[in-house]
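Enquirer: So for the sequence shown, this note's numbering puts the first residue at 101; every next one is plus one. There's a structure below that I have some questions on.
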Amino acid sequence: MRFFKTEIGAIVLWLIASLLGAALLTPYLYDAGKTLAENASTADYPSVIESIASSAERAKPDRYFSRCLLFSAIVLLPFLIRRVRSIPPRPGSDCYALKKLSWSQRLLHLSSGIIVGASVLGILAVILNVTGASFSEGASIPAGKFFTKAFLPALGAGVIEELVFRGLILGLWLRACVLWKAWLGSAFLFSFVHFLKPPDGMVIADPRAWHSGFEILSSTLGHFTNPEFFVTEFATLTLLGLILAYCRTKTSSLWLPIGLHAGLVFALKTFSMTQDLDPNSPLHPWFIGGDLKSGIFPLLSLALCFVICVFLVRKLSPASR
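Rendered as C-alpha coordinates:
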(Lines of atoms letter the chains of each structure in order from A and count residues from 1; the text may use other names and numbers.)
(Lines give C-alpha, C1' and ligand atoms only; values in the text may rest on other atoms or scores of the structure.)
Protein backbone atom coordinates (compact mmCIF):
# COMPACT_ATOMS: atom_id res chain seq x y z
CA MET A 1 0.00 0.00 0.00
CA ARG A 2 2.99 2.33 0.34
CA PHE A 3 3.13 2.48 -3.48
CA PHE A 4 -0.23 4.27 -3.68
CA LYS A 5 1.04 6.93 -1.25
CA THR A 6 3.62 8.08 -3.81
CA GLU A 7 3.13 10.37 -6.83
CA ILE A 8 3.44 7.43 -9.23
CA GLY A 9 1.00 5.39 -7.18
CA ALA A 10 -1.46 8.27 -7.25
CA ILE A 11 -1.23 8.43 -11.06
CA VAL A 12 -1.77 4.66 -11.37
CA LEU A 13 -4.71 4.82 -8.98
CA TRP A 14 -6.20 7.71 -10.99
CA LEU A 15 -5.91 5.67 -14.19
CA ILE A 16 -7.47 2.54 -12.64
CA ALA A 17 -10.32 4.58 -11.14
CA SER A 18 -10.91 6.29 -14.51
CA LEU A 19 -11.13 2.92 -16.29
CA LEU A 20 -13.53 1.49 -13.73
CA GLY A 21 -15.62 4.66 -13.84
CA ALA A 22 -15.82 4.45 -17.62
CA ALA A 23 -16.85 0.78 -17.49
CA LEU A 24 -19.64 1.59 -15.02
CA LEU A 25 -20.93 4.67 -16.85
CA THR A 26 -20.86 3.32 -20.42
CA PRO A 27 -24.17 1.39 -20.47
CA TYR A 28 -26.04 4.33 -18.89
CA LEU A 29 -24.61 6.86 -21.33
CA TYR A 30 -25.34 4.47 -24.21
CA ASP A 31 -28.96 4.10 -23.08
CA ALA A 32 -29.33 7.87 -22.68
CA GLY A 33 -27.80 8.54 -26.10
CA LYS A 34 -29.97 6.03 -27.94
CA THR A 35 -33.08 7.21 -26.10
CA LEU A 36 -32.31 10.79 -27.14
CA ALA A 37 -31.86 9.65 -30.75
CA GLU A 38 -35.21 7.82 -30.71
CA ASN A 39 -37.04 10.84 -29.24
CA ALA A 40 -35.39 13.24 -31.70
CA SER A 41 -36.75 11.22 -34.61
CA THR A 42 -40.34 11.99 -33.54
CA ALA A 43 -40.04 15.30 -31.66
CA ASP A 44 -38.98 18.79 -32.71
CA TYR A 45 -35.78 19.73 -30.88
CA PRO A 46 -33.39 22.69 -31.35
CA SER A 47 -30.75 22.14 -34.03
CA VAL A 48 -27.97 21.69 -31.46
CA ILE A 49 -29.87 18.88 -29.68
CA GLU A 50 -30.72 17.25 -33.01
CA SER A 51 -27.05 17.30 -33.99
CA ILE A 52 -26.12 15.62 -30.70
CA ALA A 53 -28.90 13.07 -31.18
CA SER A 54 -27.65 12.30 -34.68
CA SER A 55 -24.13 11.68 -33.39
CA ALA A 56 -25.52 9.54 -30.56
CA GLU A 57 -27.47 7.43 -33.06
CA ARG A 58 -24.37 6.74 -35.18
CA ALA A 59 -22.01 6.10 -32.26
CA LYS A 60 -21.08 2.54 -31.36
CA PRO A 61 -20.59 1.25 -27.77
CA ASP A 62 -16.80 1.70 -27.91
CA ARG A 63 -17.23 5.41 -28.66
CA TYR A 64 -19.47 5.77 -25.63
CA PHE A 65 -16.78 4.02 -23.60
CA SER A 66 -14.09 6.46 -24.79
CA ARG A 67 -16.28 9.45 -23.90
CA CYS A 68 -16.96 8.01 -20.45
CA LEU A 69 -13.24 7.42 -19.95
CA LEU A 70 -12.48 11.04 -20.83
CA PHE A 71 -15.23 12.24 -18.48
CA SER A 72 -14.02 10.03 -15.61
CA ALA A 73 -10.41 11.11 -16.05
CA ILE A 74 -11.34 14.82 -16.01
CA VAL A 75 -13.65 14.47 -12.99
CA LEU A 76 -11.00 12.58 -11.01
CA LEU A 77 -8.11 14.83 -12.08
CA PRO A 78 -8.57 17.40 -9.25
CA PHE A 79 -8.30 14.57 -6.71
CA LEU A 80 -5.04 13.45 -8.32
CA ILE A 81 -3.61 16.98 -8.26
CA ARG A 82 -4.64 17.54 -4.63
CA ARG A 83 -3.14 14.18 -3.63
CA VAL A 84 0.17 14.86 -5.35
CA ARG A 85 0.45 18.35 -3.89
CA SER A 86 0.19 16.85 -0.40
CA ILE A 87 3.30 14.68 -1.02
CA PRO A 88 6.71 16.34 -0.47
CA PRO A 89 8.62 16.48 -3.78
CA ARG A 90 11.96 14.75 -4.33
CA PRO A 91 14.91 17.02 -3.48
CA GLY A 92 16.20 18.76 -6.60
CA SER A 93 13.06 18.12 -8.67
CA ASP A 94 12.39 21.86 -8.94
CA CYS A 95 15.23 22.15 -11.47
CA TYR A 96 12.87 20.64 -14.08
CA ALA A 97 10.22 23.34 -13.68
CA LEU A 98 8.95 25.00 -16.85
CA LYS A 99 10.65 28.29 -17.69
CA LYS A 100 9.07 31.36 -19.23
CA LEU A 101 10.22 32.07 -22.76
CA SER A 102 9.93 35.21 -24.86
CA TRP A 103 7.45 35.12 -27.72
CA SER A 104 10.27 34.92 -30.25
CA GLN A 105 11.69 31.87 -28.44
CA ARG A 106 8.26 30.26 -28.26
CA LEU A 107 7.75 30.75 -31.97
CA LEU A 108 11.21 29.33 -32.71
CA HIS A 109 10.56 26.21 -30.59
CA LEU A 110 7.08 25.73 -32.04
CA SER A 111 8.07 26.15 -35.68
CA SER A 112 11.19 23.98 -35.28
CA GLY A 113 9.09 21.16 -33.84
CA ILE A 114 6.46 21.39 -36.58
CA ILE A 115 9.10 21.29 -39.32
CA VAL A 116 10.96 18.32 -37.81
CA GLY A 117 7.81 16.29 -37.10
CA ALA A 118 6.19 16.88 -40.49
CA SER A 119 9.46 16.30 -42.36
CA VAL A 120 10.28 12.98 -40.68
CA LEU A 121 6.91 11.41 -41.53
CA GLY A 122 6.92 13.16 -44.91
CA ILE A 123 10.15 11.35 -45.80
CA LEU A 124 8.59 8.05 -44.71
CA ALA A 125 5.52 8.76 -46.87
CA VAL A 126 7.73 9.34 -49.91
CA ILE A 127 9.64 6.10 -49.28
CA LEU A 128 6.40 4.12 -49.02
CA ASN A 129 5.09 5.64 -52.23
CA VAL A 130 8.33 4.95 -54.15
CA THR A 131 8.47 1.33 -52.97
CA GLY A 132 4.82 0.74 -53.92
CA ALA A 133 3.70 0.17 -50.33
CA SER A 134 1.26 3.06 -50.73
CA PHE A 135 -0.53 4.72 -53.64
CA SER A 136 -2.28 8.03 -54.18
CA GLU A 137 -6.08 8.21 -53.98
CA GLY A 138 -6.02 10.74 -56.80
CA ALA A 139 -8.96 12.86 -55.63
CA SER A 140 -8.36 16.45 -54.56
CA ILE A 141 -9.01 17.35 -50.92
CA PRO A 142 -11.33 20.33 -50.25
CA ALA A 143 -9.77 23.05 -48.11
CA GLY A 144 -12.52 22.72 -45.51
CA LYS A 145 -11.94 19.00 -45.07
CA PHE A 146 -8.20 19.51 -44.94
CA PHE A 147 -8.69 22.09 -42.18
CA THR A 148 -11.03 19.93 -40.07
CA LYS A 149 -9.34 16.56 -40.66
CA ALA A 150 -5.65 17.53 -40.54
CA PHE A 151 -5.03 21.01 -39.12
CA LEU A 152 -7.49 20.97 -36.19
CA PRO A 153 -6.56 17.44 -34.98
CA ALA A 154 -2.87 18.38 -35.16
CA LEU A 155 -3.49 21.56 -33.17
CA GLY A 156 -5.67 19.77 -30.62
CA ALA A 157 -3.27 16.87 -30.10
CA GLY A 158 -0.25 19.15 -29.90
CA VAL A 159 -1.71 21.51 -27.32
CA ILE A 160 -4.04 19.36 -25.20
CA GLU A 161 -1.99 16.16 -25.03
CA GLU A 162 1.25 18.01 -24.29
CA LEU A 163 -0.38 20.02 -21.51
CA VAL A 164 -1.67 16.78 -19.96
CA PHE A 165 1.18 14.33 -20.55
CA ARG A 166 4.30 16.51 -20.57
CA GLY A 167 2.94 19.43 -18.56
CA LEU A 168 1.03 17.59 -15.82
CA ILE A 169 1.85 13.86 -15.87
CA LEU A 170 5.59 14.19 -16.55
CA GLY A 171 5.74 17.07 -14.08
CA LEU A 172 4.26 14.84 -11.39
CA TRP A 173 6.59 12.00 -12.33
CA LEU A 174 9.63 14.29 -12.06
CA ARG A 175 8.67 15.09 -8.46
CA ALA A 176 9.11 11.45 -7.48
CA CYS A 177 11.69 9.85 -9.80
CA VAL A 178 15.11 10.40 -11.25
CA LEU A 179 15.04 11.79 -14.78
CA TRP A 180 15.27 8.59 -16.86
CA LYS A 181 12.59 6.85 -14.79
CA ALA A 182 10.29 9.86 -15.21
CA TRP A 183 10.85 9.78 -18.98
CA LEU A 184 10.15 6.05 -19.19
CA GLY A 185 7.15 6.04 -16.87
CA SER A 186 5.42 8.96 -18.58
CA ALA A 187 6.16 7.49 -22.03
CA PHE A 188 4.63 4.12 -21.09
CA LEU A 189 1.54 5.86 -19.71
CA PHE A 190 1.28 8.02 -22.85
CA SER A 191 1.37 4.94 -25.08
CA PHE A 192 -0.94 2.90 -22.84
CA VAL A 193 -3.67 5.56 -22.79
CA HIS A 194 -3.59 5.90 -26.58
CA PHE A 195 -4.48 2.22 -26.98
CA LEU A 196 -7.39 2.22 -24.56
CA LYS A 197 -9.82 1.38 -27.32
CA PRO A 198 -11.34 -1.99 -28.25
CA PRO A 199 -10.28 -3.84 -31.42
CA ASP A 200 -12.13 -3.20 -34.67
CA GLY A 201 -15.19 -5.36 -35.23
CA MET A 202 -15.90 -5.97 -31.55
CA VAL A 203 -19.56 -6.86 -30.92
CA ILE A 204 -21.40 -6.35 -27.62
CA ALA A 205 -24.49 -8.55 -27.26
CA ASP A 206 -26.40 -6.08 -25.06
CA PRO A 207 -24.81 -2.60 -24.88
CA ARG A 208 -27.41 -1.54 -22.29
CA ALA A 209 -26.48 -4.32 -19.83
CA TRP A 210 -24.70 -3.12 -16.68
CA HIS A 211 -21.63 -5.22 -17.49
CA SER A 212 -21.24 -4.10 -21.12
CA GLY A 213 -18.63 -1.50 -20.17
CA PHE A 214 -16.53 -4.20 -18.54
CA GLU A 215 -16.77 -6.29 -21.74
CA ILE A 216 -15.37 -3.34 -23.69
CA LEU A 217 -12.65 -2.82 -21.09
CA SER A 218 -11.69 -6.49 -21.26
CA SER A 219 -11.43 -6.40 -25.06
CA THR A 220 -9.45 -3.16 -24.85
CA LEU A 221 -6.86 -4.62 -22.50
CA GLY A 222 -6.62 -7.65 -24.78
CA HIS A 223 -4.41 -5.53 -27.08
CA PHE A 224 -1.55 -5.97 -24.68
CA THR A 225 -1.40 -9.76 -25.05
CA ASN A 226 -0.48 -9.54 -28.76
CA PRO A 227 3.30 -9.57 -29.49
CA GLU A 228 2.82 -8.01 -32.93
CA PHE A 229 0.97 -5.12 -31.33
CA PHE A 230 3.90 -4.39 -29.01
CA VAL A 231 6.45 -4.34 -31.83
CA THR A 232 4.46 -2.49 -34.48
CA GLU A 233 2.38 -0.05 -32.42
CA PHE A 234 3.05 0.16 -28.67
CA ALA A 235 6.83 0.55 -29.08
CA THR A 236 6.34 3.35 -31.62
CA LEU A 237 4.18 5.50 -29.35
CA THR A 238 6.41 4.74 -26.36
CA LEU A 239 9.42 6.04 -28.30
CA LEU A 240 7.42 9.12 -29.26
CA GLY A 241 6.59 9.67 -25.59
CA LEU A 242 10.29 9.44 -24.73
CA ILE A 243 11.21 11.96 -27.43
CA LEU A 244 8.58 14.45 -26.29
CA ALA A 245 9.59 14.03 -22.63
CA TYR A 246 13.24 14.56 -23.58
CA CYS A 247 12.42 17.75 -25.46
CA ARG A 248 10.29 19.09 -22.59
CA THR A 249 12.96 18.60 -19.93
CA LYS A 250 15.93 19.68 -22.03
CA THR A 251 14.28 22.92 -23.17
CA SER A 252 12.37 23.50 -19.89
CA SER A 253 9.39 24.32 -22.08
CA LEU A 254 6.37 22.73 -23.74
CA TRP A 255 6.66 24.67 -26.99
CA LEU A 256 9.03 22.30 -28.78
CA PRO A 257 7.00 19.18 -27.80
CA ILE A 258 3.78 20.92 -28.89
CA GLY A 259 5.27 21.74 -32.29
CA LEU A 260 6.79 18.30 -32.75
CA HIS A 261 3.57 16.54 -31.78
CA ALA A 262 1.48 18.80 -34.02
CA GLY A 263 3.83 18.30 -36.98
CA LEU A 264 3.70 14.51 -36.65
CA VAL A 265 -0.11 14.42 -36.38
CA PHE A 266 -0.46 16.84 -39.30
CA ALA A 267 1.71 14.60 -41.52
CA LEU A 268 -0.15 11.49 -40.33
CA LYS A 269 -3.60 12.92 -41.09
CA THR A 270 -2.49 14.36 -44.43
CA PHE A 271 -1.11 10.97 -45.48
CA SER A 272 -4.34 9.22 -44.45
CA MET A 273 -6.39 11.60 -46.61
CA THR A 274 -4.19 11.45 -49.70
CA GLN A 275 -2.64 7.95 -49.68
CA ASP A 276 -3.79 4.36 -49.25
CA LEU A 277 -1.54 1.61 -47.93
CA ASP A 278 -1.36 -1.59 -49.96
CA PRO A 279 -2.41 -4.48 -47.66
CA ASN A 280 -0.76 -6.93 -50.10
CA SER A 281 2.64 -5.24 -49.85
CA PRO A 282 5.43 -7.46 -48.47
CA LEU A 283 6.10 -4.67 -45.97
CA HIS A 284 2.69 -5.21 -44.34
CA PRO A 285 2.10 -5.60 -41.39
CA TRP A 286 5.48 -5.73 -39.64
CA PHE A 287 7.30 -2.92 -41.47
CA ILE A 288 4.23 -0.75 -42.04
CA GLY A 289 0.85 -1.38 -40.45
CA GLY A 290 -2.44 0.41 -40.95
CA ASP A 291 -0.95 3.94 -40.93
CA LEU A 292 2.25 5.91 -40.43
CA LYS A 293 2.37 5.24 -36.69
CA SER A 294 2.34 1.46 -36.94
CA GLY A 295 5.27 -0.74 -37.92
CA ILE A 296 9.06 -0.96 -37.87
CA PHE A 297 9.52 1.80 -40.48
CA PRO A 298 7.63 4.39 -38.37
CA LEU A 299 9.71 3.25 -35.40
CA LEU A 300 12.92 3.90 -37.37
CA SER A 301 11.54 7.27 -38.50
CA LEU A 302 11.03 8.27 -34.87
CA ALA A 303 14.56 7.10 -34.08
CA LEU A 304 15.77 9.54 -36.75
CA CYS A 305 13.52 12.19 -35.21
CA PHE A 306 15.16 11.60 -31.83
CA VAL A 307 18.65 12.06 -33.28
CA ILE A 308 17.55 15.35 -34.86
CA CYS A 309 15.99 16.48 -31.59
CA VAL A 310 19.21 15.77 -29.66
CA PHE A 311 21.03 18.28 -31.86
CA LEU A 312 18.07 20.66 -31.92
CA VAL A 313 17.70 21.01 -28.15
CA ARG A 314 21.36 21.93 -27.86
CA LYS A 315 20.51 25.07 -29.78
CA LEU A 316 17.21 25.71 -28.00
CA SER A 317 17.91 24.69 -24.39
CA PRO A 318 18.29 27.42 -21.72
CA ALA A 319 21.89 26.39 -21.03
CA SER A 320 22.92 27.20 -24.59
CA ARG A 321 21.47 30.72 -24.56
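For each residue, glycine too, the CB sits at the ideal point set by N, CA and C.
Tell me which same chain residues have a C-beta within less than 7 Å of the C-beta of Leu399, skipping the five on either side of it?
Expert: Mapped onto the sequence shown, residue 399 falls at position 299. Ala335, Thr336, Leu339, listed in sequence order.
Enquirer: Distance, Cα to Cα, Tyr196 vs Thr349?
Expert: As a position in the sequence shown, residue 196 is number 96, starting the count at 1. As a position in the sequence shown, residue 349 is number 249, starting the count at 1. Distance between the alpha carbons of Tyr196 and Thr349: 6 Å.
Enquirer: Per the DSSP calculation, Phe288 is bridged to which residue(s)?
Expert: As a first step, residue 288 is located in the sequence shown; it is residue number 188 there, counting from the start. BP columns for Phe288 are empty, so no partner.
Enquirer: Would you mind working out which of Pro189, Ser312, Leu317 sits nearest Val293, comparing C-alpha positions?
Expert: As a working note, residue 293 is residue 193 in the sequence shown. The option with the nearest alpha carbon to Val293 is Leu317.
Enquirer: So Phe171 is in the beta strand (DSSP E); what residue range does that whole segment cover?
Expert: The residue labelled residue 171 in the question sits at position 71 within the sequence shown. Per DSSP, Phe171 belongs to no beta strand (DSSP E); it is in the alpha helix (DSSP H), 161-185.
Enquirer: For Phe387, which three-state DSSP category applies?
Expert: Numbered from 1 along the sequence shown, position 287 holds the residue referred to as residue 387. In this structure, Phe387 counts as coil in the three-state DSSP scheme.
Enquirer: Going by other Cβ atoms of all chains shown within 10 Å of its Cβ, with 16 needed for buried, is Glu315 buried or exposed?
Expert: On the sequence shown, residue 315 is found 215 positions in, with the first residue counted as 1. By the neighbour-count rule (16 or more Cβ atoms within 10 Å), Glu315 is buried.
Enquirer: I'd like to know whether the C-beta of Lys160 is nearer than 9 Å to at least one C-beta of chain D.
Expert: Any reference to chain D falls outside this structure, which holds one protein chain only.
Enquirer: By the 10 Å Cβ neighbour count, where 16 or more other Cβ atoms means buried, how is Trp280 classified, buried or exposed?
Expert: If you number the sequence shown from 1, residue 280 lands on position 180. Trp280 is exposed by the Cβ-count criterion.
Enquirer: Run through DSSP, which three-state label would Phe236 get?
Expert: Here the question's residue 236 lines up with position 136 in the sequence shown. The question names Phe, but residue 236 is Ser in the sequence shown. Correct three-state label for Ser236: strand.
Enquirer: Among Thr325, Leu368, Leu392, Pro189, which has the Cα closest to the Cα of Ala257?
Expert: The residue you call residue 257 lines up with position 157 of the sequence shown. Comparing Cα positions, the closest option is Leu368.
Enquirer: Starting from the C-beta of Lys249, find all residues in its chain whose C-beta is less than 7 Å away, skip the five residues before and the five after it, and write them out in chain order.
Expert: As a position in the sequence shown, residue 249 is number 149, starting the count at 1. Within the same chain, Lys249 has close Cβ partners Lys369, Met373.
Enquirer: Pair every Cβ in the region 229-242 with every Cβ in the region 316-332, then say whether three or more of these pairs are closer than 8 Å.
Expert: The region 229-242, when compared against the region 316-332, does not touch it at the 8 Å Cβ threshold.
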